[in-house]
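Under our numbering, the first residue of the sequence shown is numbered 603, with each subsequent residue one higher.
C-beta atoms are modelled at their ideal positions from N, C-alpha and C, and glycine is treated no differently.
Since this is a predicted model, take the numbers as computed values, not measurements.
Since the structure comes first, as structure tokens, the remarks are kept for the end.
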Amino acid sequence: VQLQASGGGLVQAGGSLSLSCTTSGNIFSTSNMGWYRQAPGKQRELVATITVAGTTFLTDSVKGRFTISRDNAKNTVYLQMNSLKREDTAVYYCAAALRRATFEPIHWGQGTQVTVRG
Numbered sequence: 603v604q605l606q607a608s609g610g611g612l613v614q615a616g617g618s619l620s621l622s623c624t625t626s627g628n629i630f631s632t633s634n635m636g637w638y639r640q641a642p643g644k645q646r647e648l649v650a651t652i653t654v655a656g657t658t659f660l661t662d663s664v665k666g667r668f669t670i671s672r673d674n675a676k677n678t679v680y681l682q683m684n685s686l687k688r689e690d691t692a693v694y695y696c697a698a699a700l701r702r703a704t705f706e707p708i709h710w711g712q713g714t715q716v717t718v719r720g
């Protein structure tokens, strides 16, 4: 099983980025998916999740700015990030979890750096 994340980069505050995470290993259709982030010196935090059925969760700090979605035909989960702030700077990780009430990752992607300046 592999999760390949992409789409990070450098952006000015107020700008947008879109992250993608594609899975292999025939797990996507049966997995809840999510994005975490880890800023320098801080613990990894859960940013967003989406269930197999499409139910989403966003942490309070990104509500109204980020959107999580999935394309089951492409085995890909997305994180659209708008109105980015400096405090969104972090390494973003995608994760796959079993279909349970709590999101407990069993597979991780490699991380993609998001840097917000200005």
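- Annotation: threonine 714 to leucine 612 spans about 11 Å, alpha carbon to alpha carbon.
- As a beta-bridge residue in DSSP terms, glutamate 647 pairs with Arg639.
- Taking a C-beta distance under 8 Å as the contact criterion, leucine 619 and methionine 683 qualify as a contact pair.
- Under the DSSP assignment, glycine 611 falls in the beta strand (DSSP E) whose first and last residues are 611-614.
- Proximity to threonine 661 across Ser608, Asn628, Tyr638 peaks at Tyr638, based on C-alpha coordinates.
- Membership of threonine 704 in any beta strand (DSSP E) is not indicated, and neither H nor E is assigned to it by DSSP.
- Under DSSP, serine 626 forms a beta bridge with Gln604.
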